[in-house]
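Undergrad: Numbering follows this note's numbering, with no gaps: position 14 of the sequence shown is 3.
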Amino acid sequence: MLHNVKRTDRLFTPVKKLMDARSLKNLSDPKPLECLSLIARPWVRGRASSNMPNQKRSSRTPTRCAWACSDLAIGYHDKEWGVPAHGDGTLFEFLILEGAQAGLSWETILNKRENYRAAFDRFDPRAVARYDRRKKQRLLNDAGIVRNRLKIDSAVKNARAFLRVQKEFGSFDRYIWQFVGGKPRLNAWRLPRQVPARTAESDAMSKDLKKRGFNFVGSTICYAFMQAVGMVNDHSVKCFRYKVLISKR
Ligand SMILES: [Zn+2]
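In structure tokens form, the structure reads like this:
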């Protein structure tokens, strides 16, 4: 488990990200500062996890990105991370989950994912867009999700903005994929430290989403979203999923 990862200096996130997290004042999550060392995009976890025991490789174990070191993370890595997603439902789900992750570890979010599905009407943006004050209060009392007023408010705000984008572009898919020209960007990283936290594309996406009224869509959140939904292939070149996903371009 991530929480047992021995801390090294390299586990800590860049200063900018810590500042981003600290700027999330008034968060209702317990002990937010304690979570800072666990702020992690998958690639950040990879830096710290390369010596994890379950990363020992045998001839039967496929080579994976170093961050996939728990059963939950391995399942997610092998089946979802980086697979090009074009369904608006999936895209909305990741938009909400990536926003919910800000300041926390992705493992935390994966653990709560089923609770999120249940609490947020299976990520139906039309339903979420209608949430009123009473529903938001119920969510704030739901221990199964991240109980953070700003994040819950932002999910509702984002659902409304999501519907506006769908109306304007026909689908969110058509809108969001334009930031990479409609095709996954293929990278070729050999080491976790080579993977960027943000790019010019994620900067552009973040700027445009903010202009359209979305919240919790800073450039690093946008880049994590792009990695998750396969707008970029950031699997290590040594990872077995790297080649599998090239064939899906
Ligand atoms: Zn991988």
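Glycine residues also receive a C-beta, built at the ideal position from the N, C-alpha and C atoms.
Can you tell me whether DSSP reads Val72 as helix, strand or coil?
TA: Residue numbering aside, residue 72 sits at position 83 when the sequence shown is read from its first letter. Coil, per DSSP.
Undergrad: Can you tell me whether DSSP reads Ser59 as helix, strand or coil?
TA: Taking the sequence shown and counting its residues from 1, one reaches residue 59 at position 70. Of the three classes helix, strand and coil, the one that applies to Ser59 here is coil, per DSSP.
Undergrad: I'd like the list of long-range same chain contacts for Ser191, defined as Cβ closer than 7 Å, with 5 residues on each side in sequence excluded.
TA: In the sequence shown, counting from the first residue as 1, residue 191 sits at position 202. Same-chain partners within the cutoff: Ser208, Cys211, Tyr212, Met215.
Undergrad: Is Cys54 a contact residue of ligand 1, with contact defined as CB to any heavy atom under 7 Å?
TA: Against the sequence shown, residue 54 aligns to sequence position 65. The answer is yes for Cys54.
Undergrad: Measure the C-alpha to C-alpha separation of Asp77 and Lys227 and round it to an integer number of angstroms.
TA: Here residue 77 refers to the residue found at position 88 of the sequence shown. Here residue 227 refers to the residue found at position 238 of the sequence shown. Going from the Cα of Asp77 to the Cα of Lys227 covers about 31 Å.
Undergrad: Nearest to Asn222 by alpha carbon, out of Val184, Ile134, Leu129?
TA: For this step, residue 222 is matched to residue 233 along the sequence shown. Comparing Cα positions, the closest option is Val184.
Undergrad: Can you give me the start and stop residues for the alpha helix (DSSP H) that Gly88 sits inside?
TA: Taking the first residue of the sequence shown as position 1, residue 88 is located at position 99. 77 to 90 is the span of the alpha helix (DSSP H), which, as asked, contains Gly88.
Undergrad: Please tell me whether, using a cut-off of 7 Å, the distance from the CB of Ser225 to the nearest non-hydrogen atom of ligand 1 is below it.
TA: Taking the first residue of the sequence shown as position 1, residue 225 is located at position 236. Checking every heavy atom of ligand 1 against the Cβ of Ser225, one is found closer than 7 Å.
Undergrad: To the nearest angstrom, report how far apart Lys156 and Asp162 are at their CA atoms.
TA: Walking along the sequence shown from the start, residue 156 turns up at place 167. Walking along the sequence shown from the start, residue 162 turns up at place 173. Taking the straight line from one Cα to the other gives about 12 Å.
Undergrad: Output yes or no for whether 8 Å exceeds the beta carbon distance between Lys146 and Gly92.
TA: As a first step, residue 146 must be located in the sequence shown, where it is residue number 157. As a first step, residue 92 must be located in the sequence shown, where it is residue number 103. Cβ atoms of Lys146 and Gly92: not closer than 8 Å.
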